[in-house]
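What follows is a short report on a single structure.
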Amino acid sequence: MGYTTEDGVFYPLKPGAQIQILDGPEMALPMAEARVYDGAATEEEQVDPSQIKVWIPDPAKGDKRLRLKYGVLVKRPSVTGQMSGEAYRLAYLGKLERLIEKEIHTPVAVILDRFFTAPHLAAGNPMQITEAMRRELEEIRRPVQIVTEWIENEDEETLNRLIYPFTKQDLEHQPISEAEQKKELEELSLEEFLELV
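Taking this note's numbering, I'd label the letters of the sequence shown as residues 1 to 197.
If you want it as structure tokens, here you go:
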């Protein structure tokens with residue numbers, strides 16, 4: 001439950017929030033545009049599964065928890081070169097949106113209440129919920145910030161934040177194949193993901 005401003009921005013209501021409705025001319029509310037992100041297929045456009053690629057920061061490939069926390073699925077042609085911070089942010093938000101869409105057994109409000117005491121963020125469609133979580137939860141923004149810093153500057157301090165609570169020595173074993181990484185990400189649930197962040 002929430003309200004939409006004249007410019008089409010949705011805000012979920014929080015306990016104790018007060019709003020005032022002013023009389024004015026009737027207006028059609030603008031529809032939110034669908035976010036286009038790498039690796040995501042819209043309902044109209046289905047992407048060939050062979051065109052989906054896994055991208056995980058190299059230091060995180062040695063541990064399943066880090067792969068699930070930082071890994072994203074992207075369209076193969078879009079990541080032919082180096083991943084950028086903005087491309088990662090969009091792919092990460094797309095991952096969160098897909099996890100919310102996949103959640104059918106437990107209401108998203110119950111899950112958000114369990115992890116963040118923030119059931120009010122579950123108002124709206126999956127894209128609106130994702131945006132509200134990004135806006136209000138540091139736990140959702142932090143992984144994107146860390147990976148973006150890692151992409152821009154692969155220094156020791158950023159590496160330690162990326163792989164925390166592990167050390168480089170803990171992650172030296174052989175990472176799994178890309179097909180296995182992709183399967184892990186496809187089987188990930190919203191609750192499993194939120195436990196990691």
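We put the CB at the ideal spot given by N, CA and C, even for glycine.
Apart from the five residues just before and just after residue i, which ones in its own chain have a Cβ nearer than 7 Å to its Cβ?
i           : result
residue 163 : 59, 60, 66 and 171
residue 97  : 126, 127 and 130
residue 69  : 143, 196 and 197
residue 175 : 61 and 62
residue 31  : Residue placement at residue 31 is poorly supported in this model, since its pLDDT is 40, which falls under 50; the coordinates still yield a value, given next. Same-chain partners within the cutoff: there are none.
From the DSSP output, which residues share a beta bridge with residue i?
i          : result
residue 12 : 2
Along the chain, where does the beta strand (DSSP E) that runs through residue i open and close?
i           : result
residue 52  : 52 to 55
residue 197 : No beta strand (DSSP E) holds residue 197; DSSP gives it neither H nor E.
Please determine, among the options, the residue with the shortest C-alpha to C-alpha distance to residue i.
i           : options               : result
residue 93  : 133, 187, 161 and 151 : 133
residue 147 : 20, 89 and 18         : 89
residue 144 : 12, 95 and 19         : 95
residue 108 : 19, 17, 194 and 56    : 194
residue 185 : 71, 50, 14 and 21     : 71
residue 254 : 110, 160, 18 and 180  : The displayed coordinates of the chain run from 1 to 197. Any statement about residue 254 would go beyond what the structure contains.
residue 180 : 87, 54, 167 and 83    : 54
residue 177 : 17, 64 and 15         : 64
Which same chain residues, not among the five before or five after residue i, have their C-beta less than 8 Å away from its C-beta?
i           : result
residue 152 : 85
residue 189 : 99, 102 and 103
residue 136 : 118 and 121
residue 173 : 62
residue 141 : 134
residue 33  : Residue placement at residue 33 cannot be trusted, given a pLDDT of 39 that sits under 50; what the coordinates show is reported in the next sentence. No residues qualify anywhere along the chain.
Taking 6 Å as the limit between beta carbons, can you name the residues of its chain near residue i, skipping five residues before and five after?
i           : result
residue 139 : 197
residue 150 : 57, 158 and 162
residue 113 : 119
residue 115 : 194
In terms of residue numbering, what span does the alpha helix (DSSP H) encompassing residue i cover?
i           : result
residue 73  : Note, residue 73: premise wrong, no alpha helix (DSSP H); beta strand (DSSP E) at 72 to 75.
residue 133 : 126 to 136
residue 100 : 85 to 102
residue 169 : First-last for residue 169: undefined, no H or E at that position.
residue 158 : 156 to 163
residue 181 : 178 to 187
residue 109 : 108 to 116
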